[in-house]
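What follows is a short report on a single structure.
In my numbering, the protein residues as written are 29 to 372.
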């Protein structure tokens, strides 16, 4: 338990493995930063959602141990699925405050199941109808040594790169077709895509993504329409900027909140606007000026130490307030009574 003047101890329950961005950006990497700040932080479980699908003896023993040992003052649930929500309820009934971390539009009664929900954007908090929440943008996970070092064109064509989730496949391929067919860009550009699936020119991997991106001259981030996109964090724009890549992006709200649009990154709402910015960025000195400004700006806003301090403030406040009033479901109440009979 936390001693006077010290930070509360933190336990992490991460729903998926490290191939999932949320597991890293809103889980493991924050945990590692907290440890450098003197916080006793531990990852209790990883890939929790794949391990526990329903009530089982293993799940009950897991919940019992958390309640009996009380080794953590605050429990963090990164992108919890159903059994993660159930575990949160059971821990709160035992007096342990819990925090939900969610970065996508996945509706649930988070205020009923957790004492606080951390989201990357205010728009996501509104879409989820949250009352108890804290907005913290994603940190950048780019190693300090990884950055654009030369802006001279390395081939006879400008290399454009896109990186992201395969759900954006259609909008990326459509823009690629439009740009490569544009009279002003025909035979002048090559578009590379980094994702999962045979459609991408390069397969995404933590081991290769940075070198693949840095081999390009310009990053492009077209975004599809829809509320599930408008609520997203600025992490991909921040990634490109942190690498020093001049970036052209659809200006969703979180990107606009980054600031310096038109100087540290280029907003584009149509293929013609993407084309216009590509032509402007054909000049190496322009790419260098924008790339250097982008990197400095991203580090100021999203450096791991900057973001981790915001997380620690939220964790401290959650511990100070403690468990908020909760309405348990019938099944949770029954399991809670069973755990109490087991000494928890």
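Built from N, CA and C at the ideal position, the CB exists for glycine as well.
What do you get for residue i, buried or exposed, if any count of 16 or more other CB atoms within 10 angstroms of its CB means buried?
i: residue 227; result: exposed
i: residue 27; result: The displayed coordinates of the chain run from 29 to 372. Any statement about residue 27 would go beyond what the structure contains.
i: residue 165; result: buried
i: residue 137; result: exposed
i: residue 391; result: This structure cannot speak to residue 391, because the chain is shown only from 29 to 372.
i: residue 263; result: buried
i: residue 211; result: exposed
i: residue 143; result: buried
i: residue 195; result: exposed
i: residue 85; result: exposed
i: residue 245; result: buried
i: residue 222; result: buried
i: residue 266; result: buried
i: residue 65; result: exposed
i: residue 114; result: buried
i: residue 117; result: buried
What residue range is occupied by the uninterrupted beta strand (DSSP E) comprising residue i?
i: residue 220; result: 217-223
i: residue 38; result: 38-42
i: residue 209; result: Note, residue 209: premise wrong, no beta strand (DSSP E); alpha helix (DSSP H) at 197-209.
i: residue 186; result: 186-191
Enumerate in chain order the residues of its own chain whose CB-to-CB distance from residue i is below 6 Å, with the five nearest sequence positions on each side excluded.
i: residue 294; result: 276 and 305
i: residue 159; result: 139
i: residue 73; result: 41
i: residue 111; result: 80
i: residue 152; result: 259
i: residue 247; result: 189, 268, 273 and 275
i: residue 346; result: 102, 125, 127, 143 and 144
i: residue 384; result: This structure leaves residue 384 out entirely; the chain is present only between 29 and 372.
What residue range does the alpha helix (DSSP H) around residue i cover?
i: residue 359; result: 358-369
i: residue 96; result: 85-97
i: residue 299; result: 299-308
i: residue 79; result: 76-79
i: residue 270; result: 263-270
i: residue 146; result: Segment 144-147 is the beta strand (DSSP E) holding residue 146; no alpha helix (DSSP H) there.
i: residue 112; result: 110-121
i: residue 65; result: No alpha helix (DSSP H) contains residue 65, which DSSP labels as neither H nor E.
i: residue 4; result: Any property of residue 4 remains undetermined from this structure, which presents the chain solely from 29 to 372.
i: residue 53; result: Premise fails: residue 53 is in no alpha helix (DSSP H) and is neither H nor E.
Tell me the DSSP secondary structure of residue i in three-state form.
i: residue 104; result: strand
i: residue 349; result: helix
i: residue 313; result: helix
i: residue 167; result: coil
i: residue 255; result: helix
i: residue 332; result: helix
i: residue 33; result: Per-residue confidence for residue 33 stands at a pLDDT of 49, beneath the threshold of 50, marking its modelled position as unreliable; no derived number is given.
i: residue 232; result: coil
i: residue 138; result: helix
i: residue 276; result: strand
i: residue 130; result: coil
i: residue 27; result: Here the chain covers residues 29 to 372 and nothing more, so residue 27 does not appear.
i: residue 249; result: strand
i: residue 295; result: strand
State yes or no: is the C-beta of residue i within less than 9 Å of the C-beta of residue j?
i: residue 130; j: residue 147; result: yes
i: residue 109; j: residue 43; result: yes
i: residue 199; j: residue 251; result: yes
i: residue 326; j: residue 270; result: yes
i: residue 273; j: residue 189; result: yes
i: residue 317; j: residue 175; result: no
i: residue 70; j: residue 96; result: no
i: residue 218; j: residue 312; result: no
i: residue 343; j: residue 59; result: no
Looking only at its chain, what residues have a beta carbon closer than 8 Å to the beta carbon of residue i, apart from the 5 residues adjacent to it on each side?
i: residue 213; result: 207, 303, 306 and 307
i: residue 123; result: 350 and 351
In its own chain, which residues sit with a C-beta less than 7 Å from the C-beta of residue i, not counting the 5 before and 5 after it?
i: residue 280; result: 251, 257, 258 and 260
i: residue 121; result: 356 and 364
i: residue 32; result: Annotation note: pLDDT 44 at residue 32 (below 50); position unreliable, no value reported.
i: residue 61; result: 332, 333 and 336
i: residue 309; result: 246, 274 and 315
i: residue 192; result: 223 and 264
Give a yes or no on whether the minimum CB-CB distance between residue i and chain C is below 9 Å.
i: residue 269; result: Checking the listed chains, one finds no chain C in this structure; it contains a single protein chain.
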